[in-house]
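Colleague: I have a structure I would like to understand better, so I am pasting it below and will then ask my questions one at a time.
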Amino acid sequence: ALLLTLILCNPLAAQPGGPWRLCGPQEAPVTAQPFDPDAPVELEADRAEFDREGISTLSGEVEIRQGERSLRADRARYDQRNQKVEASGAVRYRDGALEVGGETARLDLRSLYGSFENVRYRLPEQHAHGTAARVTRQEENLTSMEQVRYTTCNPGRIDWQLRASEIRINRELRMGTARNVSVWFRRLPLFYFPYLAFPATEQRMSGFLMPDIRLDLARGATDIAVPYYWNMAPNYDATITPRIISQRGPMLNLGLRYLTTTSRGEMKTGYLPDDQLFGMSRSMLQFRHHTIFSNRWSGAVDFNYVSDADYFLDMGESYNPNTTTHQERRLTLTYRDRNWQLSGMLLGYQMLLGTTPPYQKLPQIGLRYIGRQRDNSLNYHLSTEYIYFQDDARQPTGSRLHAGAGISYPLRTAAAFLIPRFTLQHTLYQLDRTPAGMAPTPARTLPVFSLDGGLYLERVTGWRGRTMLQTLEPRLFYLYVPYRDQSGLPNFDTASYTFDYAQLFRENRFTNVDRINDANQLSIGLTTRFLESGSGLERLAASIGQIAYFGERRVTLDPDAATESSASSDTAAELALRLPNHWSLDSSLIWDPRSERSRRLSGRLQYRRDPRHLFTIDYRHQYNPSQNSYRYRQLDISGVWELGGNWHLLGRWNHDLDAEQTRETLLGLGYDSCCWAARLVGREFRKESTAKLDRAIYVNLELKGLSSINGEQIDSLLKDGILGYSPLE
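Remember, the numbering used here sits 75 above the position in the sequence shown when you count from 1.
Here it is in structure tokens:
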């Protein structure tokens, strides 16, 4: 096909993601069959004349068919000996992926050489159409086109259009060139390129990409980036992006990707020599690498650096892999077979905002048995870990060796389970610098016994005329760990778990092994579910539980902290409700029966009919009974709503009820037609590093089937801000 080559190879026509909401009916894709010059030619016409030279003169509803290709016209002349066709008068050509109409056509059926005059074309699979004054295929690998127009809008209302005075496609060189290329929107020129080169096959080629233009209307600033794509080899490439940011200065971004049979990785870096607003040079570096040495050995590198905590926010970067408080640097090596996993890691941090850094782990080495665990038989458990904790500014530092070995015997039936488990935990420290009163080689050995059991009960019931299956799942979890004085042990990387329903069934209330809780307790939990009998859809899941303590909890993170002596824990509850008509409710509650108040509450009510009808109310608080005050109370309201006529409204309001201040406000208006979309979003937010109020305005224009300006940045902003948001397609 002559015209199909241009549209499919144009880099601006590459549209990532799922199917577009494009104009007109979407026809089922037709796979173009390989061209067969020996396929028989069939002729059909109201009138036909044949001469001895093999020339057929056809008129009146002429149709010439060869394989999946067909040519219709008012008049045609067919040279059977040379396999050439000349057609005129309402010429219509069609194959598996292209429809062309014109005034005249000349075709060589053996080679597809030929030309069309005054062409109107249509690409059903792309929902695209356009015109060209002339399309000529002069040689086997060379196609030229004159006065080309391309759009995905309906013919009756062409809101945007790509225009080019000349396009030449060379299949042998695998590239095409275009002259005087312009993109028009509503009779306004958006871009003009005097000359463009683009790949003529699926292979990539080096060249400039679509410029990225960002406007900060609040500051009156502009940000112009012109990316250059460098296709260095089929398996590695780079994107070099010079940027000019008014009020800040020139900047350079670099992205590098590579892929081999055993490795993959990417690097991103940015450098602003002298930020005129910030008063210093600013930069970032991200490097990720993963390699497979064999079917059992693998390794990875994850390195991050940033000059300051506000870099990603100020530079408009959509991806921040860590937080504004720290950046991780990690090197890992892993061995894994059917039963064992051996891992080694070096872990360090770059700290921001003056916060206290976690200890560096130089190194961390672990060995774990990962063999298959079987029901109704004896299972073995083994894990060991060695870590050297390094921090030049703190004490103590040193190594920790921990080993845990145990056995379990899971008993399971369709209606019940019982899992006894015994583990012996041993921890040994070798400390380099110790504070007063701490031994250089403290150690601890603890046995841990748990018994986990539960029932699965069910019955058939009804709800609002529907047959439902209700389950009742009581669960008991007994845990016994004798007390060992651990006040003389360092705390390198251990904290307390946030108490929730899952915590009822953990063997340790601490996140790591610097502290192992003493326990003589029984957890009691109850879960019920309602499932639709036909579909299995879970309409409701509710859980509630509590821990009964048979002794004091004397092990604490802080040696000076008081022991806990209450006879029971707070009550933990969870609720997940899927209501009809697209409503859902998710909530969790930690209730303190002594103060008769909720220590922690989160609730989320959401309506989600489709991506254009989404509304969420999210509330959460944490209460501190000892201080009779809230640690935080936050209300978050967000949504996207269709207004009609292709317009939709989107927004978010995140408010700190305790501080009585708004943390972030988003308000936007979007338009989404079948061939173009636009969004205007205003944002007011507080920077985490300074708590100062900042404002920004974002503008996005998408010409469907061609390109999108600033779309990735706005999509990232809305995904982070609006719960459940997905780009409209």
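Don't be surprised by glycine CBs; every beta carbon is placed ideally from N, CA and C. The structure displayed is predicted, hence computed values, not measured ones.
Express the C-alpha separation of residue 386 and residue 658 in angstroms, rounding to a whole number.
Modeller: Mapped onto the sequence shown, residue 658 falls at position 583. Mapped onto the sequence shown, residue 386 falls at position 311. Taking C-alpha positions only, residue 658 is separated from residue 386 by approximately 39 angstroms.
Colleague: Can you name the start and end residues of the alpha helix (DSSP H) that residue 794 belongs to?
Modeller: On the sequence shown, residue 794 is found 719 positions in, with the first residue counted as 1. Element bounds for residue 794: 786–796.
Colleague: By DSSP, does residue 107 sit in helix, in strand, or in coil?
Modeller: Residue mapping note: residue 107 aligns to position 32 of the sequence shown, counting from 1. Any reading at residue 107 needs caution, since the residue's pLDDT is 46, under 50, leaving its predicted position unreliable; the model's value is listed next. If DSSP states are grouped into helix, strand and coil, residue 107 belongs with coil.
Colleague: Put residue 579 into one of helix, strand or coil per three-state DSSP.
Modeller: As a first step, residue 579 is located in the sequence shown; it is residue number 504 there, counting from the start. The answer is helix: DSSP assigns residue 579 an H, G or I state.
Colleague: Roughly how many angstroms lie between the CA atoms of residue 158 and residue 123, to the nearest whole one?
Modeller: For this step, residue 158 is matched to residue 83 along the sequence shown. For this step, residue 123 is matched to residue 48 along the sequence shown. The straight-line gap from Cα to Cα measures roughly 17 angstroms.
Colleague: Across which residues does DSSP place residue 420 in a beta bridge pair?
Modeller: As a first step, residue 420 must be located in the sequence shown, where it is residue number 345. According to DSSP, residue 420 bridges with 407, 439.
Colleague: Could you tell me whether the region 367–378 touches the region 398–410, using the rule of 3 or more Cβ pairs below 8 angstroms?
Modeller: yes
Colleague: Roughly how many angstroms separate the alpha carbons of residue 801 and residue 537, rounded to a whole number?
Modeller: Taking the sequence shown and counting its residues from 1, one reaches residue 801 at position 726. Taking the sequence shown and counting its residues from 1, one reaches residue 537 at position 462. Rounded to the nearest angstrom, the gap between the Cα atoms of residue 801 and residue 537 is 35 angstroms.
Colleague: In whole angstroms, what is the alpha-carbon distance linking residue 179 and residue 141?
Modeller: Counting from one through the sequence shown, the residue named residue 179 turns up at place 104. Counting from one through the sequence shown, the residue named residue 141 turns up at place 66. Taking the straight line joining both Cα atoms gives about 19 angstroms.
Colleague: Rank 272, 448, 420 by C-alpha distance to the C-alpha of residue 440 and give the top, closest one.
Modeller: Taking the first residue of the sequence shown as position 1, residue 440 is located at position 365. The residue with the shortest Cα to Cα distance from residue 440 is 420.
Colleague: Please determine, among 597, 566, 568, 567, the residue with the shortest C-alpha to C-alpha distance to residue 581.
Modeller: As a working mapping, residue 581 is identified with position 506 in the sequence shown. Of the listed residues, the one whose Cα sits closest to residue 581 is 597.
Colleague: Mark residue 785 as exposed unless 16 or more other C-beta atoms lie within 10 angstroms of its C-beta, in which case mark it buried.
Modeller: Translated into the one-based positions of the sequence shown, residue 785 becomes position 710. Burial call: buried.
Colleague: Is residue 199 helix, strand or coil by DSSP?
Modeller: In the sequence shown, residue 199 corresponds to position 124, counting from 1. If DSSP states are grouped into helix, strand and coil, residue 199 belongs with the helices.
Colleague: Is residue 368 helix, strand or coil when you go by DSSP?
Modeller: Numbered from its first residue, the sequence shown carries residue 368 at position 293. Looking at residue 368 - three-state DSSP - the assignment turns out to be coil, as it is neither helix nor strand.
Colleague: By how many angstroms is the C-alpha of residue 706 removed from the C-alpha of residue 435?
Modeller: The residue given as residue 435 occupies position 360 in the sequence shown. The residue given as residue 706 occupies position 631 in the sequence shown. Taking the straight line joining both Cα atoms gives about 30 angstroms.
Colleague: Express the C-alpha separation of residue 290 and residue 299 in angstroms, rounding to a whole number.
Modeller: Start at 1 with the first residue of the sequence shown, and residue 299 comes out as number 224. Start at 1 with the first residue of the sequence shown, and residue 290 comes out as number 215. Residue 299 and residue 290: Cα-Cα distance of roughly 9 angstroms.
Colleague: Residue 558 by DSSP, collapsed to three states: which one?
Modeller: In the sequence shown, residue 558 corresponds to position 483, counting from 1. It is coil, neither helix nor strand.
Colleague: Under a three-way DSSP split, which group does residue 188 fall into?
Modeller: Sequence index remark: in the sequence shown, residue 188 carries index 113 (1-based). It is coil, neither helix nor strand.
Colleague: When you compare the CB positions of residue 694 and residue 672, do they come within less than 7 angstroms of one another, or not?
Modeller: The residue given as residue 694 occupies position 619 in the sequence shown. The residue given as residue 672 occupies position 597 in the sequence shown. At the C-beta level, residue 694 and residue 672 stay beyond 7 angstroms of one another.
Colleague: Classify residue 615 as helix, strand or coil using the three-state DSSP reduction.
Modeller: Sequence index remark: in the sequence shown, residue 615 carries index 540 (1-based). Strand.
Colleague: I'd like the span of the beta strand (DSSP E) that includes residue 652, first residue to last.
Modeller: The count along the sequence shown starts at 1 and reaches residue 652 at position 577. The continuous beta strand (DSSP E) containing residue 652 extends over residues 646–653.
Colleague: Going by DSSP in three states, residue 731 sits in which element: helix, strand or coil?
Modeller: Residue 731 sits at position 656 when you count from the first residue of the sequence shown. Three-state result, residue 731: strand.
Colleague: Could you pull out every unbroken beta strand (DSSP E) segment of at least 3 residues lying fully inside the region 227–294, listed in chain order?
Modeller: 235–245, 250–260, 263–274, 287–291
Colleague: Measuring only the C-alpha atoms, how far is residue 556 from residue 592?
Modeller: Sequence index remark: in the sequence shown, residue 556 carries index 481 (1-based). Sequence index remark: in the sequence shown, residue 592 carries index 517 (1-based). The alpha-carbon atoms of residue 556 and residue 592 are separated by roughly 7 angstroms.
Colleague: Could you work out which residue in 165, 170, 225 is closest to residue 782 when comparing CA atoms only?
Modeller: Taking the first residue of the sequence shown as 1, we reach residue 782 at position 707. It is 225 whose Cα lies nearest to the Cα of residue 782.
Colleague: Residue 698 by DSSP, collapsed to three states: which one?
Modeller: Here residue 698 refers to the residue found at position 623 of the sequence shown. It is a strand residue.
Colleague: Is DSSP giving residue 353 helix, strand or coil here?
Modeller: For the purposes of this step, residue 353 is taken as residue 278 along the sequence shown, with counting starting at 1. Assigned with DSSP and collapsed to three states, residue 353 falls in coil, not helix or strand.
Colleague: If residue 575 sits next to residue 663, beta carbons under 8 angstroms apart, how far is it from one beta carbon to the other, in whole angstroms?
Modeller: Counting from one through the sequence shown, the residue named residue 575 turns up at place 500. Counting from one through the sequence shown, the residue named residue 663 turns up at place 588. That belief holds up - the Cβ atoms of residue 575 and residue 663 are roughly 6 angstroms apart, short of 8 angstroms.
Colleague: How big is the Cα-Cα spacing for residue 391 and residue 352?
Modeller: Looking up residue 391 in the sequence shown gives position 316. Looking up residue 352 in the sequence shown gives position 277. Looking at the two C-alpha atoms, the distance is approximately 15 angstroms.
Colleague: My output table needs one value for residue 388: the three-state DSSP class, helix, strand or coil.
Modeller: Numbered from 1 along the sequence shown, position 313 holds the residue referred to as residue 388. If DSSP states are grouped into helix, strand and coil, residue 388 belongs with the helices.
Colleague: Would you decide whether residue 525 is buried or exposed? Buried here means 16 or more other CB atoms lie within 10 Å of its CB.
Modeller: Translated into the one-based positions of the sequence shown, residue 525 becomes position 450. Under this definition residue 525 is a buried residue.
Colleague: May I ask you to report which of helix, strand or coil DSSP gives residue 456?
Modeller: Here residue 456 refers to the residue found at position 381 when the sequence shown is read from its first residue. In the structure shown, residue 456 sits in a strand (DSSP, three-state: E or B).
Colleague: Determine whether the beta carbon atoms of residue 206 and residue 219 lie at a separation below 7 angstroms.
Modeller: As a working note, residue 206 is residue 131 in the sequence shown. As a working note, residue 219 is residue 144 in the sequence shown. Result no, Cβ atoms of residue 206 and residue 219 do not sit closer than 7 angstroms.
Colleague: With three or more beta-carbon pairs closer than 8 angstroms as the criterion, would you say the region 561–578 touches the region 535–553?
Modeller: The region 561–578, when compared against the region 535–553, does not touch it at the 8 angstroms Cβ threshold.
Colleague: Distance check for residue 620 and residue 627, CA to CA, integer angstroms please.
Modeller: Counted from its first residue, the sequence shown places residue 627 at position 552. Counted from its first residue, the sequence shown places residue 620 at position 545. C-alpha separation (whole angstroms): 20 angstroms.
Colleague: Hey, residue 331 and residue 342 are a contact pair by Cβ (cut 8 angstroms); roughly how many whole angstroms apart?
Modeller: Numbered from its first residue, the sequence shown carries residue 331 at position 256. Numbered from its first residue, the sequence shown carries residue 342 at position 267. That pair is a contact at about 4 angstroms.
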